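Protein chains in written order, with our numbering: chain A, 1 to 272; chain B, 1001 to 1314.
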């Protein structure tokens, strides 16, 4: 390949890229430092060696492993449930004709406008009456399905040619059979987008679990980190270790599947 | 809207007692349709429109969640206008939005144009710039309170190297809101850049080539071809980022918790405090309704303005 000439765009992109990525690098490096190394000015960026005191203290003084397991569980339920319920509903709205379809879809789309801050008071009261406040169920029930997910899947199914499904029907497949064995295999890209979107939003959610859960063995990672920060404002190596544990799974997933993540961001931008 | 919620999947069954003949088939089809769409619709509508209606009734009461609620009519709404905390919170939200929305549009376009160049290292740059988007706002807030720590943070070190005086950042009532806005931009600009980049790549190449053949320079092509083509995306970004800025909570919670001296107490933070720290559910719901109304008005306003000045979006 011909070497491209030096472009002045590097002068803009290089500093920008560093501004975006260096804080994350510093977060990882700081998690391996001792308090002495951290509390000095001018600051040092490279630890003298890999101290794991921060991680050790975090593991013994907080429920971080529990929080991690809780978050994995909540996100897994959210993703699986989204994949099933939203693809079913998206298909229903895109292809099946039923009484009240237009109105029901309008109601779903209208909900996008309502801010979480308005819903959290009555939702909290509803969950309290149902007896699920302060349980993990409170954290995942709002994530079982979403208007965005239904909309995304509907748009995708609308873009598929209808002939394949008609052929399946002629071969004697029922609606569910057609959906599962003909339509779903074609929907893999849309399902991947939906899964990534749901994973990002449920994993990173803070406000709702903060409101709904106060028992610290049921915290998700985000709530756990925020509460841990409230009590240890200056234990930076522990805080950064917690940050690393909470963000690395998604960062690694992003690095591995960057194309799919970017497609997800693009979709939620252009169609959302 | 509550009526929609009441129209549960079972309704068609009642309409068709015997699934026979034309009406029977239609009812069966409806049943299948609702079996597909019903569960998710019920979840989404049940967890938003129903609570939203309930929130309205709560907003007309004085209630701490335990003792019986007393009906106060519109008084909660009237009180907002004279509540100094609510007015200050609205001002903080306004400042944040006014800084954040244009900032993310301008930076988004700039980064997208830069990332659209065919130069070396572009994959590296793209990864670096997009990766903060997947970090949670809570973790970003904790990281930011370290980077902007006045005693030993990297931000002050950078200022020192540039020969500038050290700052208090998040601990200064005058700077905290601006610093939070910068941190929010750090986390969200990747998203704007991605959608601008996709839009740039959708611009038909012939358009640019034709203009270049006609003798237009790079800047004129950008000004008269690229920017107008990006307009629908800009409308979306403006709405989306306005909503993001107005609902910013996680970052504030993990950096300043509304301080110092309430200088970063925004409307959503105030709602959280009212409802879940001081148990004033009725008044909190009223402030939340006002926020909802303003968000709706702004969104409709942007779409209306855009329609009137003739662009294809929405």
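By construction, the Cβ of each residue, glycine as well, lies at the ideal position given by its N, Cα and C atoms. Bear in mind that the values here come from a model prediction, so they are computed numbers and not experimental data.
Can you tell me which residues form a DSSP beta bridge with residue 1315 of chain B? The structure shown has nothing for residue 1315 of chain B, since chain B only spans 1001 to 1314.
Chain B residues whose Cβ lies nearer than 8 Å to that of residue 146 of chain A: Reading the first chain from its first residue, position 146 is the one you call residue 146 of chain A. From the beta-carbon of residue 146 of chain A, the residues of chain B found nearer than 8 Å are 1044.
Quick check on the DSSP output: the alpha helix (DSSP H) that includes residue 227 of chain A runs from which residue to which? Counting from 1 along the first chain, the entry for residue 227 of chain A is found at position 227. For residue 227 of chain A, the enclosing alpha helix (DSSP H) starts and ends at 221-231.
Does residue 1204 of chain B pass the burial test, meaning 16 or more other C-beta atoms within 10 Å, or should it be called exposed? To locate residue 1204 of chain B, count along the second chain from 1; it is residue 204. Flag for residue 1204 of chain B reads exposed.
Please confirm whether residue 1266 of chain B and residue 115 of chain A have their CB atoms less than 9 Å apart. Taking the first residue of the second chain as position 1, residue 1266 of chain B is located at position 266. Taking the first residue of the first chain as position 1, residue 115 of chain A is located at position 115. No, these two residues do not count as a Cβ contact at 9 Å.
At what residues does the alpha helix (DSSP H) containing residue 1218 of chain B begin and finish? Stepping through the second chain from its first residue, residue 1218 of chain B is reached at position 218. Secondary structure note for residue 1218 of chain B: its alpha helix (DSSP H) is the uninterrupted segment 1218-1221.
Closer than 7 Å by beta-carbon distance: list the chain A residues that pair up with residue 1245 of chain B, in chain order. By one-based count along the second chain, residue 1245 of chain B stands at place 245. Here the premise fails: no neighbours, minimum Cβ distance about 12 Å.
With 16 other Cβ atoms within 10 Å as the buried cut-off, status of residue 1023 of chain B: Here residue 1023 of chain B refers to the residue found at position 23 of the second chain. Per the 10 Å Cβ criterion, exposed.
I'd like to know if residue 161 of chain A contacts chain B, where contact means its C-beta is closer than 9 Å to some C-beta of that chain. What you label residue 161 of chain A is simply residue 161 of the first chain in a count that begins at 1. Not one chain B Cβ lies under 9 Å of residue 161 of chain A.
Does residue 70 of chain A come out as helix, strand or coil in the three-state DSSP assignment? Your numbering for residue 70 of chain A matches position 70 in the first chain. The answer is helix: DSSP assigns residue 70 of chain A an H, G or I state.
Quick check on DSSP: helix, strand or coil for residue 51 of chain A? Residue mapping note: residue 51 of chain A aligns to position 51 of the first chain, counting from 1. In this structure, residue 51 of chain A counts as coil in the three-state DSSP scheme.
Spell out a yes or no on whether the region 98-108 of chain A and the region 164-171 of chain A are touching, meaning 3 or more CB-CB pairs, one atom from each, closer than 8 Å. Touching, no.
Taking a contact to mean a Cβ-Cβ separation below 9 Å, would you say residue 1248 of chain B touches residue 1115 of chain B in this structure? Along the second chain, read from residue 1 onward, the residue named residue 1248 of chain B stands at position 248. Along the second chain, read from residue 1 onward, the residue named residue 1115 of chain B stands at position 115. Between residue 1248 of chain B and residue 1115 of chain B, the CB-CB gap reaches or exceeds 9 Å.
For residue 1040 of chain B, does the three-state DSSP call read helix, strand or coil? Residue 1040 of chain B sits at position 40 when you count from the first residue of the second chain. Three-state result, residue 1040 of chain B: helix.
Exposed or buried, residue 154 of chain A, counting other C-beta atoms within 10 Å across all chains shown (16 or more means buried)? Position 154 of the first chain, counting from 1, holds the residue named residue 154 of chain A. Residue 154 of chain A comes out buried.
So, do the region 140-157 of chain A and the region 72-90 of chain A have three or more beta carbon pairs nearer to each other than 8 Å? Cβ pair count under 8 Å is three or more, so yes.
Of the residues B:1123, B:1109, B:1298 and B:1289, which one's Cα is nearest the Cα of residue 1242 of chain B? Stepping through the second chain from its first residue, residue 1242 of chain B is reached at position 242. Nearest C-alpha to residue 1242 of chain B among B:1123, B:1109, B:1298 and B:1289: B:1298.
Taking the alpha helix (DSSP H) that residue 1255 of chain B falls in, what are its first and last residues? On the second chain, residue 1255 of chain B is found 255 positions in, with the first residue counted as 1. Note, residue 1255 of chain B: alpha helix (DSSP H), 1250-1255.
Looking only at its chain, what residues have a beta carbon closer than 6 Å to the beta carbon of residue 258 of chain A, apart from the 5 residues adjacent to it on each side? By 1-based counting over the first chain, the position of residue 258 of chain A is 258. Hits under 6 Å: none found.
Apart from the five residues just before and just after residue 1090 of chain B, which ones in its own chain have a Cβ nearer than 7 Å to its Cβ? Against the second chain, residue 1090 of chain B aligns to sequence position 90. So the qualifying residues of the chain are 1267.
contact_flag[the region 44-59 of chain A, the region 112-130 of chain A] where n(CB pairs < 8 Å) is 3 or more: Contact between the region 44-59 of chain A and the region 112-130 of chain A is absent, because fewer than three Cβ pairs lie under 8 Å.
Which residues in chain B have a C-beta closer than 8 Å to the C-beta of residue 164 of chain A? List them in chain order. Taking the first chain and counting its residues from 1, one reaches residue 164 of chain A at position 164. Neighbours of residue 164 of chain A on chain B: none; closest Cβ ~18 Å, over 8 Å.
Distance, Cα to Cα, residue 1130 of chain B vs residue 26 of chain A? By one-based count along the second chain, residue 1130 of chain B stands at place 130. By one-based count along the first chain, residue 26 of chain A stands at place 26. Rounded to the nearest angstrom, the two C-alpha atoms are 17 Å apart.
Member of A:62, A:140, A:31 and A:181 whose CA lies at the smallest distance from the CA of residue 48 of chain A: Residue numbering aside, residue 48 of chain A sits at position 48 when the first chain is read from its first letter. With distances taken between Cα atoms, residue 48 of chain A lies closest to A:31.
I need the straight-line Cα distance from residue 69 of chain A to residue 225 of chain A, nearest angstrom please. Residue 69 of chain A sits at position 69 when you count from the first residue of the first chain. Residue 225 of chain A sits at position 225 when you count from the first residue of the first chain. Spanning the alpha carbons of residue 69 of chain A and residue 225 of chain A requires a straight line of approximately 14 Å.
Look at the alpha carbon of residue 134 of chain A and the alpha carbon of residue 217 of chain A, and state the distance between them as a whole number of angstroms. Within the first chain, residue 134 of chain A is the residue found at index 134, counting from 1. Within the first chain, residue 217 of chain A is the residue found at index 217, counting from 1. Cα atoms of residue 134 of chain A and residue 217 of chain A: separation of roughly 10 Å, rounded to the nearest angstrom.
Would you kindly work out how many angstroms separate the C-alpha atoms of residue 1235 of chain B and residue 1027 of chain B, rounded to a whole number? As a working mapping, residue 1235 of chain B is identified with position 235 in the second chain. As a working mapping, residue 1027 of chain B is identified with position 27 in the second chain. Spanning the two alpha carbons is a distance of roughly 42 Å.
Since residue 210 of chain A is in the alpha helix (DSSP H), which residue starts that stretch and which ends it? Start at 1 with the first residue of the first chain, and residue 210 of chain A comes out as number 210. Segment 207-212, the alpha helix (DSSP H) holding residue 210 of chain A.
In this structure, how does DSSP classify residue 259 of chain A when only helix, strand and coil are distinguished? Taking the first residue of the first chain as 1, we reach residue 259 of chain A at position 259. In the three-state reduction of the DSSP assignment, residue 259 of chain A falls in the helix class.
Presumed contact (8 Å Cβ cut-off) between residue 1144 of chain B and residue 206 of chain A, rounded CB distance: Along the second chain, one-based indexing puts residue 1144 of chain B at 144. Along the first chain, one-based indexing puts residue 206 of chain A at 206. At roughly 14 Å, the Cβ-Cβ gap does not stay under 8 Å, so residue 1144 of chain B and residue 206 of chain A are not in contact.
Could you tell me the boundaries of the alpha helix (DSSP H) in which residue 1215 of chain B lies? Translated into positions along the second chain, residue 1215 of chain B becomes position 215. Careful: residue 1215 of chain B lies outside any alpha helix (DSSP H) and carries neither H nor E.
Looking only at its chain, what residues have a beta carbon closer than 8 Å to the beta carbon of residue 96 of chain A, apart from the 5 residues adjacent to it on each side? On the first chain, position 96 is the one that residue 96 of chain A refers to. Sequence-distant Cβ neighbours of residue 96 of chain A in its own chain, meaning closer than 8 Å and more than five residues away, are 175.
Among the candidates B:1161, B:1149, B:1231 and B:1282, whose CA atom is the shortest distance from the CA of residue 23 of chain A? In the first chain, counting from the first residue as 1, residue 23 of chain A sits at position 23. Minimum Cα distance to residue 23 of chain A is reached at B:1149.
Nearest-angstrom beta carbon gap, residue 187 of chain A and residue 221 of chain A [assumed within contact, 8 Å]: For the purposes of this step, residue 221 of chain A is identified with residue 221 of the first chain, where counting begins at 1. For the purposes of this step, residue 187 of chain A is identified with residue 187 of the first chain, where counting begins at 1. The pair is not a contact, with the Cβ atoms about 30 Å apart (cut-off 8 Å).
DSSP on residue 1318 of chain B, reduced to helix/strand/coil? Outside the modelled stretch of chain B, which goes from 1001 to 1314, sits residue 1318 of chain B, for which no answer is possible.
Using a C-beta cutoff of 9 Å, does residue 1039 of chain B count as contacting chain A? Counting from one through the second chain, the residue named residue 1039 of chain B turns up at place 39. Closer than 9 Å: yes.
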